[in-house]
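Here the sequence shown stands for residues 2 to 242, numbered as in the working numbering.
Take a look at the structure below.
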Amino acid sequence: MAGAKARETRMRMLVVDDEVEIADMLAEYFRMEGYDVATANDGAAALEAVSASRGGRGAFDIILLDVNMTNMDGFEVCRRIREHLSCPIIFLTARVEDVDQIDGFAAGADDYVLKPFSLEVLGRRVAAHMAREGRARRQEQAVRFFRGLTIDYGSRTVEVAGSPVDLTKLEFDLVALLSKRPGQVFDREAIYERVWGWDAAGDPSQVREHVRRIRNKLAAAGLDEDPIETVWGVGYRWTAK
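Encoded structure:
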């Protein structure tokens, strides 16, 4: 059943739709499936809910997000959420044009579900994403290999061709953040907030210096290809596979 796993762990879901009836219908369905569901009826309320979720009850595990909302559409809401959360985001939309899909995935969406939709089908799509997230979270404690580079997230070690690379705590945290989401672009502000902490006293420009040090250490250890790509004017992404 779609909600079996959710009932065991009480996964948190945010439903965002400016049609109150739809938001309430989805909330009722997924609560019956075992999810802890919050709702928002516009972009501002969604961002406020995401901000609040980083405290007490914990961050959301998945977000269902309507595209066609007034004032702030789903694309903009998604882009702003992606500055803080990496959980799956599923767009609920009647738009089917290719350009909308490109815009959606560029904004950071993980999937599209077209309206009108079957609640059972949507439930299965949500369950599939949560299953993938569960596997990804389990893998975070595993070892990953990238072109001669070995990262052990459990022991917090990095090796190049079997030789250890001496990274500081912040340097390893930065490598872990990027390498767990290969291909995803992180801007410097987002990296600084996630690695240094929300309340850190400093400047996001420190990220550039730490990336430089990581590159130098990996190159000195014999890594031929830089796994961190600079996205000019934005930030960085992990490109090694």
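Heads up, the beta-carbon is just placed ideally off N, CA and C, and yes, glycines get one too.
When the Cα atoms are used, what is the spatial distance from residue i to residue j?
{"i": "Ala-61", "j": "Ala-110", "result": "The question names Ala, but residue 61 is Phe in the sequence shown. Distance between the alpha carbons of Phe-61 and Ala-110 is about 15 Å."}
{"i": "Asp-112", "j": "Thr-94", "result": "11 Å"}
{"i": "Gly-234", "j": "Glu-194", "result": "18 Å"}
{"i": "Gly-57", "j": "Glu-49", "result": "Reliability of the predicted coordinates at Gly-57 is poor, the pLDDT of 48 falling under 50, and no value is obtained from them."}
{"i": "Val-232", "j": "Ser-164", "result": "29 Å"}
{"i": "Asp-153", "j": "Gly-135", "result": "18 Å"}
{"i": "Arg-125", "j": "Phe-118", "result": "12 Å"}
{"i": "Arg-213", "j": "Asp-227", "result": "11 Å"}
{"i": "Phe-31", "j": "Val-166", "result": "46 Å"}
{"i": "Leu-219", "j": "Asp-204", "result": "24 Å"}
{"i": "Glu-29", "j": "Thr-169", "result": "47 Å"}
{"i": "Met-26", "j": "Asp-18", "result": "11 Å"}
{"i": "Gly-236", "j": "Asp-188", "result": "4 Å"}
{"i": "Thr-151", "j": "Ser-180", "result": "11 Å"}
{"i": "Phe-92", "j": "Gly-198", "result": "29 Å"}
{"i": "Gln-207", "j": "Ala-143", "result": "29 Å"}
Would you check if the distance between the CB atom of residue i and the CB atom of residue j is smaller than 7 Å?
{"i": "Leu-86", "j": "Val-16", "result": "no"}
{"i": "Ala-222", "j": "Glu-84", "result": "no"}
{"i": "Gly-105", "j": "Met-73", "result": "no"}
{"i": "Leu-123", "j": "Val-114", "result": "yes"}
{"i": "Arg-148", "j": "Ala-241", "result": "yes"}
{"i": "Ala-24", "j": "Thr-40", "result": "yes"}
{"i": "Val-51", "j": "Ile-90", "result": "no"}
{"i": "Asn-42", "j": "Val-68", "result": "no"}
{"i": "Arg-238", "j": "Val-186", "result": "yes"}
{"i": "Arg-145", "j": "Ala-108", "result": "no"}
{"i": "Val-176", "j": "Leu-224", "result": "no"}
{"i": "Val-38", "j": "Met-70", "result": "no"}
{"i": "Glu-172", "j": "Ile-229", "result": "no"}
{"i": "Ala-47", "j": "Val-78", "result": "yes"}
Can you pull the DSSP bridge partners for residue i?
{"i": "Met-14", "result": "Val-38 and Ile-63"}
{"i": "Thr-231", "result": "Tyr-237"}
{"i": "Glu-160", "result": "Thr-151 and Pro-165"}
{"i": "Asp-204", "result": "DSSP, once it has assigned bridges, lists no residue as partnering Asp-204."}
{"i": "Phe-31", "result": "According to DSSP, Phe-31 bridges with nothing at all."}
{"i": "Asp-188", "result": "Gly-236"}
Would the segment 151-158 count as touching the segment 126-137 if we require 3 or more Cβ pairs under 8 Å? no
Continuous alpha helix (DSSP H) assignments of at least 4 residues falling wholly in the segment 69-147: 75-82, 99-108 and 120-140
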